[in-house]
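Colleague: I am attaching a structure below and will ask some questions about it afterwards.
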Amino acid sequence: MLKDNTIAIYIIIDDILQKAAYKEDSQRRVNDAMLLTTVLVSGWYFGGNWDVARGYMLQHHCDYMLDKSRFCRRIHSCRELAKWLFNILGWIAKTLNHRQRYILDTFPVAVCHNIRIKNCRLLNDEDFRGKSVSKRGYFYGFKVALLIDEHGNPIELAMYAGGYSEKSALNRLAFDLPSGSIVWLDSGFTDYEWEDFYGEYEGIEFATQRKKNSHRGDSFIDEIAKKYNRKIVETAYSIITSRFPKRIHAVSIEGFQLKVFFVILAYAIIKYL
10 MLKDNTIAIY
20 IIIDDILQKA
30 AYKEDSQRRV
40 NDAMLLTTVL
50 VSGWYFGGNW
60 DVARGYMLQH
70 HCDYMLDKSR
80 FCRRIHSCRE
90 LAKWLFNILG
100 WIAKTLNHRQ
110 RYILDTFPVA
120 VCHNIRIKNC
130 RLLNDEDFRG
140 KSVSKRGYFY
150 GFKVALLIDE
160 HGNPIELAMY
170 AGGYSEKSAL
180 NRLAFDLPSG
190 SIVWLDSGFT
200 DYEWEDFYGE
210 YEGIEFATQR
220 KKNSHRGDSF
230 IDEIAKKYNR
240 KIVETAYSII
250 TSRFPKRIHA
260 VSIEGFQLKV
270 FFVILAYAII
280 KYL
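What follows is the structure, encoded as structure tokens:
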């Protein structure tokens, strides 16, 4: 299963790069498609351990692999390529999503345990101390806002400090969706100005779950529909977070965010397998 999925991931990435006429140095012994495949396999199957993934690829799929230092430098140089690939997959999902129904929510990614916050080397700002309502606890790290379609395919994502509210994601996502789309959100995203703006100028309906004291209440049918769609996003998030190791090892904030992003990108590709 692992070997088959690895080959499939490489084929998908390589085909997309070829269709886009992507060019790189012909003298490279490890092309960018192989490099991205290695890091995606690492995030999905090896808990983000790049060394283990390098060893696996060298043993089963290639006769040469970059050393640890060059591998890390190449990965960081491929950040924009990886983001572009994520956007292409999102565009494909939007094209195939004829009903144009989407769901937005956030999930926390902790950098360290709360008891170790004072010794954390990556972060040292109170803005990163957040609260997870669903898990009924506090964490120190980031929130990931992920917009998915009704089939669970990722469309857009944003990563920001854990202490910021869920509404902060509304400023960080492009919502590059066709007119007539519906976005399902929970009550934490309640912002009437954003709802009115996107409804009037973009033709996008924000179907936000309402609180009991909300000025814009829901009918019984709308309330049931919004709760049902919440289950779709919760399932997708549980699959993604189950691939995170207990502790994501990184020596920089950029490296930490990259490892989180690559798990989500791996999920986006594996959805098509």
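Numbered per the working numbering, the sequence shown spans residues 10 to 282. Each residue gets a CB set at the ideal place from its N, CA and C atoms; glycine is no exception.
1. Measure the beta-carbon distance from Arg-219 to Ser-196 and round it to whole angstroms, keeping in mind my assumption that it falls under 8 Å.
2. Which same chain residues end up closer than 8 Å to Tyr-147 when comparing Cβ atoms and leaving out the 5 residues on each side of it in sequence?
3. Going straight from the alpha carbon of Cys-129 to that of Arg-108, what length do you get?
4. Could you name the residues of the same chain whose beta carbon sits closer than 7 Å to that of Ile-25, not counting the 5 residues immediately before and after it, in chain order?
5. Under the assumption that Ile-164 contacts Gly-208 (Cβ atoms under 8 Å), give the Cβ distance between them as a whole number of angstroms.
6. Can you tell me the Cα-Cα spacing of Arg-225 and Glu-214, whole angstroms?
7. Tell me the start and end of each unbroken beta strand (DSSP E) in the region 135-200 that is at least 3 residues and wholly inside, in chain order.
8. Using a threshold of 8 Å, state whether the C-beta atoms of Glu-159 and Ile-241 are closer than that.
9. Taking the Cβ atom as the reference point for each residue, do Val-118 and Tyr-73 lie within a distance shorter than 8 Å?
10. How far does the beta strand (DSSP E) with Ala-216 in it reach, from first residue to last?
11. In terms of residues, what are the limits of the alpha helix (DSSP H) holding Cys-81?
12. Just the C-alpha distance for Asn-14 and Tyr-210, rounded to the nearest angstrom, thanks.
13. Put Ile-112 into one of helix, strand or coil per three-state DSSP.
14. Can you tell me where the alpha helix (DSSP H) with Met-66 in it begins and where it stops?
15. Can you give the Cα-Cα distance for Tyr-111 and Ile-262, rounded to whole angstroms?
16. If you draw a straight line from the alpha carbon of Lys-152 to that of Leu-132, how long is it in whole angstroms?
17. Taking only the alpha-carbon atoms, compute the straight-line gap between Ile-21 and Asp-185 and give it to the nearest angstrom.
18. Compute the Euclidean distance between the alpha carbons of Tyr-70 and Gly-52, then round it to the nearest angstrom.
19. Which residue from Glu-243, Phe-265 and Val-260 puts its Cα closest to that of Phe-253?
20. Please say whether Ala-183 and Leu-166 have beta carbons closer to each other than 8 Å?
21. Mapping the DSSP letters down to three states, classify Ala-30 as helix, strand or coil.
22. Can you look up Val-120 in the DSSP assignment and give me helix, strand or coil?
23. Taking the alpha helix (DSSP H) that Glu-263 belongs to, which residues open and close that run?
24. Report yes if the C-beta distance between Ser-245 and Ile-157 is below 8 Å; otherwise report no.
25. Does Leu-194 pass the burial test, meaning 16 or more other C-beta atoms within 10 Å, or should it be called exposed?
26. Rounding to the nearest angstrom, what Cα-Cα distance links Leu-49 and Ile-279 in this structure?
27. Considering only residues of the same chain and omitting the five flanking positions on each side of Tyr-19, which have a CB-CB separation below 7 Å?
Modeller: By the coordinates alone:
1. 6 Å
2. Asn-123, Arg-138, Gly-139, Lys-140 and Ser-141
3. 45 Å
4. Leu-94 and Ile-97
5. Not a contact, Cβ separation roughly 19 Å.
6. 14 Å
7. 138-141, 146-158, 163-170 and 191-194
8. yes
9. no
10. 214-217
11. 77-86
12. 42 Å
13. strand
14. 59-69
15. 30 Å
16. 14 Å
17. 24 Å
18. Reading off the sequence shown, one finds His at residue 70, where the question assumed Tyr. Rounded to the nearest angstrom, the two C-alpha atoms are 17 Å apart.
19. Phe-265
20. no
21. coil
22. strand
23. 262-279
24. Reading off the sequence shown, one finds Ala at residue 245, where the question assumed Ser. It is a contact, given that the beta carbons lie within the stated cut-off.
25. buried
26. 10 Å
27. Ala-42, Met-43 and Thr-46
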